[in-house]
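All remarks here apply to the structure that follows.
2 protein chains.
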Amino acid sequence: MQQRVPAPRQAKLCADLPSTVPFVGPEAQERARAAQFRARIGANESVFGPSPKAIAAMRQAAADCWMYCDPENHDLKVAIAAHHGVKPENVLVGEGIDGMFGYSVRLFIDPGEVVATSRGAYPTFNFHVTGYGGRLVFADYVNDREDPQSLLALAAAQKARMIYFANPDNPMASWWSASDVQAFIDRLPADTVLCLDEAYGDFAPEGVLPRLDANNPQVLRFRTFSKAYGMAGARIGYILGEPHVIKSFDKIRNHFGVTRIAQAGALAAIADQAYLREVVGKVAVAKARIDEIAASNGLEALPSAANFVAIDCRRDGAFAKRVLSGLIARGVFVRMPGVAPLDRCIRVSAGTPADLDIFAAALPEALAEAGRA
Amino acid sequence: MQQRVPAPRQAKLCADLPSTVPFVGPEAQERARAAQFRARIGANESVFGPSPKAIAAMRQAAADCWMYCDPENHDLKVAIAAHHGVKPENVLVGEGIDGMFGYSVRLFIDPGEVVATSRGAYPTFNFHVTGYGGRLVFADYVNDREDPQSLLALAAAQKARMIYFANPDNPMASWWSASDVQAFIDRLPADTVLCLDEAYGDFAPEGVLPRLDANNPQVLRFRTFSKAYGMAGARIGYILGEPHVIKSFDKIRNHFGVTRIAQAGALAAIADQAYLREVVGKVAVAKARIDEIAASNGLEALPSAANFVAIDCRRDGAFAKRVLSGLIARGVFVRMPGVAPLDRCIRVSAGTPADLDIFAAALPEALAEAGRA
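Protein sequence lines correspond, in order, to chains W and E.
When the count follows the numbering used here, it moves up by one through the first sequence with no breaks and lands on 378 for the last residue.
When the count follows the numbering used here, it moves up by one through the second sequence with no breaks and lands on 378 for the last residue.
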């Protein structure tokens, strides 16, 4: 790759960024293995797929995709607002939560300002903070949960202008009650934004998601069609927030960035709550099966309010890593937390019965292999 | 919209940004009119739609969209590279040219640095420059073309670190020869990036697109599936560039930002070059028809190397604006350039024969009305 002229200088914030990426996709692993995965239960996708009505709407929209999307996302915002009992002005529709994390950091964080998160929490959020020159500070998980007390203390001590908190959590699937989260919100330092990631909120039992306060400019609640609605590859999600704050995203968002197909699919998906309940039921069955598989292998499945289960392999991160590698070698795509002590676990998404049969067959072999190493 | 607590302070670059948006979508205009447009020929979309093979691939992918996309866009990059005779390392796939303009400005431009473009050229590029704190400077169009000499002189005088240049141009559909563009490239100041927008390149006659130099780190060539490939609403495009520069986008891009459906559609679309040629042929027929309609109304259609025609209304911008309003009132969605003297024109996209029948019927009425005002 010979360069005849020097490459133009990059912006200061970008020049020194690491070129690491938040996640390697399963497709890259498949290319490296030269074989397809037999069970794809590593990215907390919904193996149960989108609502048939959403699929039909997307198929219909495929032929219409010569048209740009409605950049105001009008119809979808109206439907989302009605679903949550808020106004369309409380809703920002965007190209998935990842993209909207980028917008949020860009909107609020100046280079050098502090953003607080938990060590081991969602790495793509950190990718955006680092990318915009924010300075990340980390609280620890306490008993496998992101810890509001620790985050508030850290934010106060470090003058954090943004806090990331997921409820239910990823990668541990743990959760706090709505009243605990509300107490967290009520104690936010002035001038601090809470990015409340509720991507897995649709799976949570009653009493986990706090009541919506559509007038609090300090809270951005992130929701998605990628998880329970089964549309991860369509890239569409939304933020619920205070209208002035929501409006200010117009200053920077990619107005035509959502696809017309995703708009159509999401509109049909949110209208089909019966299907959503069906998926949540199937996920519960799958999680119970994962619990059984873990127990029958002498492992401990952690309680889960999401669509995946963290399985405690009861040794250190190196051991869990060997178990993970053994599963991947057997065609089972799973992932694991990146930092201790969370990394004693592997993370298994709710699969179909067939997926979990494959997992159940592979796990004892992977464990035996990991124990011998 | 009462706020009980003050909104957190926004980042310096964002706090003062105007909340104007680059384009109002036709759907917003339809809501304001409380009526659908009868002819949608204002956004340079391809009314001929995507290849039937691309539609079939997207329909197939709709059911698979529970999976995130391949974040490396591997298969599509291989296909694009083969199509252009370059390596996959020369290709960045992203969520449409608009999104990739944002990445490009972010990657190269520090706040306060200068970016040169032409007065009246693509506004969404400017939206991103302003959004990242760049300082825009403007050359004038010369004879309805963006002018390389003027842009080079301006860039040298103002020490611009980035230049925007579209070939063929939007909104005038004018163009330069490949050798003129190559001379422009060869004279770029050191440390300056050329954003060469070739969104309409698939419509250009032979001899307009310069030969690809895959080793020049100063040139980013923007291509899209939104125009000739008919997939505007699927949000997928690509940059052809030098491998190190292309790789550096990994530092900031939204890795999972392209939809799985768009990846599948684009892969099928690029494989169907016969369909692409058919569309280009239909566009040529439509442009000839637009020329006729203009001439029969005493107007002048400017020569076009794109999929739209700028029609010179032969008076000032206020007159052209009235013509535009008259067309919109008659259900014909068209747009017009934003600045003088380009704004003596209206801009009409290549429509179906039915679209152009509606335009042909509405134009004399709109002209008469505009003349009476």
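Beta carbons: idealized from backbone N, C-alpha and C, even for Gly.
These figures come from a predicted structure and were not determined experimentally.
At least one CB of chain E closer than 8 Å to the CB of residue i: is that the case?
i: aspartate 75 (chain W); result: yes
i: glutamate 211 (chain W); result: no
i: arginine 14 (chain W); result: yes
i: proline 173 (chain W); result: no
i: arginine 166 (chain W); result: yes
i: isoleucine 244 (chain W); result: no
i: glycine 107 (chain W); result: yes
i: isoleucine 60 (chain W); result: yes
i: glutamine 187 (chain W); result: no
i: leucine 112 (chain W); result: yes
i: methionine 6 (chain W); result: With a pLDDT of 42 at methionine 6 (chain W), under the threshold of 50, the predicted position of this residue should be treated as unreliable, though the coordinate-derived value follows. Yes, methionine 6 (chain W) lies at the interface with chain E (some Cβ there is under 8 Å from its Cβ).
i: arginine 140 (chain W); result: no
Which residues of chain W have a Cβ atom closer than 8 Å to the Cβ of residue i, listed in chain order?
i: isoleucine 190 (chain E); result: Those within 8 Å of isoleucine 190 (chain E) in chain W number zero; the least Cβ separation is about 10 Å.
i: glutamate 283 (chain E); result: Those within 8 Å of glutamate 283 (chain E) in chain W number zero; the least Cβ separation is about 14 Å.
i: aspartate 255 (chain E); result: Ser24, Val26
i: glycine 99 (chain E); result: The premise fails here: glycine 99 (chain E) is roughly 10 Å from chain W at the closest Cβ pair, so nothing lies under 8 Å.
i: lysine 252 (chain E); result: Ser24
Kindly list, in the order they appear in chain W, the residues whose Cβ is closer than 7 Å to that of residue i.
i: arginine 203 (chain E); result: Correcting the residue type first, residue 203 (chain E) is glutamate in the shown sequence and not arginine. None at all; the shortest Cβ gap to chain W is about 19 Å.
i: threonine 454 (chain E); result: Coverage of chain E is limited to positions 6 through 378, which leaves residue 454 (chain E) absent and any answer about it impossible.
Can you tell which of the options has its C-alpha closest to the C-alpha of residue i?
i: valine 224 (chain W); options: W:Pro128, W:Met236, W:Asp196, W:Ile241; result: W:Asp196
i: lysine 326 (chain W); options: W:Leu368, W:Gly286, W:Thr122; result: W:Leu368
i: alanine 44 (chain W); options: W:Asp348, W:Ala355, W:Val337, W:Val328; result: W:Val337
i: phenylalanine 170 (chain E); options: E:Ser301, E:Gly376, E:Ser179, E:Leu361; result: E:Ser179
i: arginine 124 (chain W); options: W:Ile46, W:Gln268, W:Leu372, W:Asp348; result: W:Asp348
i: alanine 269 (chain E); options: E:Pro27, E:Asp191, E:Cys70; result: E:Cys70
i: alanine 61 (chain E); options: E:Ile266, E:Arg240, E:Gln187, E:Leu217; result: E:Ile266
i: valine 213 (chain W); options: W:Thr229, W:Asp191, W:Gln187; result: W:Gln187
i: asparagine 33 (chain W); options: E:Ile316, E:Pro31, E:Glu77; result: Correcting the residue type first, residue 33 (chain W) is alanine in the shown sequence and not asparagine. Residue E:Glu77 is the option with its Cα nearest to alanine 33 (chain W).
i: alanine 204 (chain W); options: W:Gly262, W:Ala233, W:Ala48; result: W:Ala233
i: aspartate 255 (chain E); options: E:Met63, E:Phe208, E:Gly331, E:Val98; result: E:Val98
i: serine 330 (chain E); options: E:Thr122, E:Gly238, E:Arg38, E:Leu201; result: E:Arg38
i: glycine 138 (chain W); options: W:Ala293, W:Ala20, W:Asp296; result: W:Ala20
i: asparagine 49 (chain W); options: E:Tyr73, E:Gly206, E:Val285, E:Pro11; result: E:Tyr73
i: proline 27 (chain E); options: W:Ile298, W:Arg258, W:Ser354; result: W:Arg258
i: phenylalanine 189 (chain E); options: E:Ile316, E:Ser155, E:Thr229; result: E:Ser155
Using beta carbons (cut-off 8 Å, strictly below), is residue i in contact with chain W?
i: serine 51 (chain E); result: yes
i: arginine 320 (chain E); result: no
i: histidine 260 (chain E); result: yes
i: cysteine 200 (chain E); result: no
i: glycine 376 (chain E); result: no
i: alanine 33 (chain E); result: yes
i: glycine 136 (chain E); result: yes
i: proline 215 (chain E); result: no
i: glycine 54 (chain E); result: yes
i: proline 93 (chain E); result: no
i: glycine 336 (chain E); result: no
i: glycine 303 (chain E); result: no
If the cut is a Cβ gap below 7 Å, which residues of chain E does residue i touch?
i: asparagine 312 (chain W); result: Within chain E, no residue comes near asparagine 312 (chain W); the closest Cβ sits about 11 Å away, beyond 7 Å.
i: glycine 196 (chain W); result: The question names glycine, yet the displayed sequence has aspartate at residue 196 (chain W). Result: Pro13, Arg14.
i: glycine 383 (chain W); result: Since the first residue of chain W shown is 6 and the last is 378, residue 383 (chain W) is not available in this structure.
i: glycine 331 (chain W); result: Here the premise fails: no neighbours, minimum Cβ distance about 23 Å.
Using a C-beta to C-beta distance shorter than 8 Å, which residues of chain E count as neighbours of residue i?
i: threonine 264 (chain W); result: Gly238, Ala239, Arg240, Thr264, Ile266, Ala267
i: proline 358 (chain W); result: Near proline 358 (chain W) there are no residues of chain E at all, since even the closest Cβ is about 16 Å away, more than 8 Å.
i: lysine 17 (chain W); result: Asp115
Could you tell me the alpha carbon to alpha carbon distance between residue i and residue j, rounded to whole angstroms?
i: proline 342 (chain E); j: glutamate 151 (chain E); result: 13 Å
i: glycine 54 (chain W); j: aspartate 360 (chain W); result: 14 Å
i: leucine 193 (chain E); j: leucine 199 (chain E); result: 8 Å
i: leucine 22 (chain E); j: alanine 160 (chain W); result: 28 Å
i: glycine 30 (chain E); j: cysteine 350 (chain E); result: 20 Å
i: lysine 287 (chain W); j: valine 52 (chain W); result: 10 Å
i: phenylalanine 364 (chain W); j: glutamine 41 (chain W); result: 15 Å
i: aspartate 277 (chain W); j: serine 56 (chain W); result: 7 Å
i: alanine 271 (chain E); j: alanine 59 (chain E); result: 7 Å
i: valine 120 (chain W); j: proline 222 (chain W); result: 17 Å
Along chain W, which residues have their Cβ under 9 Å away from the Cβ of residue i?
i: methionine 63 (chain E); result: Met63, Arg64, Ala66, Ala67, Ala68, Cys70, Ile266
Give the residues of chain A in contact with residue i, contact being defined as C-beta atoms less than 9 Å apart.
i: histidine 89 (chain E); result: The structure shown contains no chain A; its protein chains are W and E.
For residue i, which residues in chain E fall below 9 Å Cβ to Cβ?
i: glycine 379 (chain W); result: The requested residue 379 (chain W) is not part of the displayed model; chain W covers only 6 to 378.
*Taking the runs of the beta strand (DSSP E) that are 3 residues or longer, which of them lie wholly in the region 167-213 of chain W?*
Runs found: 167-171, 198-202.
*Counting only runs of 4+ residues fully inside the region 55-118 of chain W, write out the alpha helix (DSSP H) ranges in chain order.*
Qualifying alpha helix (DSSP H) stretches, in chain order: 57-68, 79-89, 101-113.
*Of all the alpha helix (DSSP H) runs that stay within the bounds of the region 258-307 of chain W, which reach a length of 4 or more residues?*
Given a length threshold of 4 residues, each whole run of the alpha helix (DSSP H) inside the region 258-307 of chain W is given here in chain order: 265-276, 278-301.
_Complete runs of the alpha helix (DSSP H) confined to the region 308-369 of chain W [at least 4 residues]_ = With a minimum length of 4 residues, the continuous alpha helix (DSSP H) runs that stay inside the region 308-369 of chain W are 322-334.
*At what residue ranges does the region 125-172 of chain W contain a whole run of the alpha helix (DSSP H), taking only runs of 4 or more?*
Taking only runs of at least 4 residues, the alpha helix (DSSP H) segments lying wholly in the region 125-172 of chain W are 128-136, 153-163.
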